[in-house]
Each structure stands twice: as C-alpha cells, then as structure tokens.
Amino acid sequence: MSDVTNEPVNNPLLIVVGASLTCEMEDRPLGYRLREAILRWQDDHLEAGIDDGSRRTPAVLTDLWYLNTTDLMMEPALCVGEPSSNAATAFHASKLPTAFVMEEVMRVQLDPEYIDTTACIWGVNHAATVSAVDLFIERYLPPYLAHLHHLPTDVG
C-alpha cells in the first residue's frame, strides 16, 4: 500500500495554520474558508481548459509540517493566525511588509510586488483574525492569485 502523504502536489498554494488545539478549532476553518475562496476565484478567472499543471492547488496544513519540510517552504503560502500561535507567521512576519494594519487588532502582511509569495494574515484574537481573513479575501486575494497564475494583477 502506498503512502499518499509522500505524493507530491503539483503547484501547491499552502494555507498554514498553527498546530495547537485552539488553532485547529479556530484557524483551520478559516484556512478552509480561504481555500474555498481560492477555488471560487480559479473557477471564475481561469479558463476551463487550463493545463492542470499551472493551476495552484490550495492545501491547508499545520505550521509544524510546513516549517519542517524545506520543499514546502519554497512554495507560496498564506499563514493564518497570530505569531504566538502560528510558528509560520512568526517566522515570516518580520520579513514581510505590512499591507494593512489596525493597530493592536489585526494585520495583513505581504510583498506588494509578489516577489515573496508568502502572506501573513492575523489578528490579536479569533474575531480579529476572522476580520483579517475577510479583508484579505476581499482586497488582496484577487491580485495575489492573478500573480500566481501569471495573469494581469488587475484581473479580479
């Protein structure tokens, strides 16, 4: 019997959440919300006949898996959850510019030129993280996905 965990995923778009029980209960559902938004965007903006090899495959995983797998760290990633609960956010947050901040509430961090294709999306509590994810989906996800799929960033 083959071990499917070792099967490579072509062109992944990783959605990284913390590994604690609280993160699994609160941030993982937000990761799946992001995944659904990505799939909807792809359905709306990518041609039906697009080569599956160029379509990004969104996958939700924990920070432990992400940070301990070098190949995964080379892929585009959306890190959901505050730095104290998501080690991937803690790892990337100091390296990324802030695109949006509401001091002491929430933050969206990403490279506006998409040279670094990692983004951190977090709030100081669950409600603030929900708001940050909603803001990211509305304002930043369309140009981010357009860039990843080699489309003009005004598509969205």
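Under my numbering, think of the first position of the sequence shown as 1, with each following residue one higher. Glycine is no exception: its CB is placed at the ideal position from the N, C-alpha and C atoms.
Asked: Classification of VAL101 by the beta-carbon crowding that lies within 10 angstroms, buried from 16 upward; Found: exposed
Asked: Beta-carbon proximity list for VAL105, same chain, < 7 Å, skipping 5 on both sides; Found: GLY123, VAL124 and ALA128
Asked: For THR57 and SER94, the rounded distance between their alpha carbons; Found: 27 Å
Asked: Check whether ALA15 and ARG35 have beta carbons under 8 Å apart; Found: In the sequence under discussion, the amino acid at residue 15 is Ile, which differs from the Ala named in the question. Going by C-beta atoms, ILE15 is nearer than 8 Å to ARG35.
Asked: DSSP state of MET170 mapped onto helix, strand, coil; Found: With the chain covering 1 to 156 only, the question about residue 170 has no answer from this structure.
Asked: Beta carbon of ASP71 nearer than 8 Å to that of GLY18; Found: no
Asked: Where the beta strand (DSSP E) through PRO12 begins and ends; Found: 12 to 17
Asked: Whole-angstrom distance between THR89 and THR22, CA atom to CA atom; Found: 16 Å
Asked: Local conformation of THR70 per DSSP, three classes; Found: helix
Asked: Sub-8 Å separation of ARG33 and LEU46 beta-carbons; Found: no
Asked: Buried versus exposed, by CB contacts within 10 Å (16 or more), ASP27; Found: buried
Asked: Extent of the continuous beta strand (DSSP E) run through THR118; Found: 118 to 123
Asked: Separation of THR153 from HIS147, as counted between CA atoms; Found: 6 Å
Asked: Own chain, CB closer than 7 Å to LEU30, minus 5 neighbours either side, in chain order; Found: VAL80, THR129, VAL130 and VAL133
Asked: Which residues DSSP lists as bridging ALA59, in chain order; Found: LEU14
Asked: Rounded separation between ILE121 and ASN10 - CA only; Found: 24 Å
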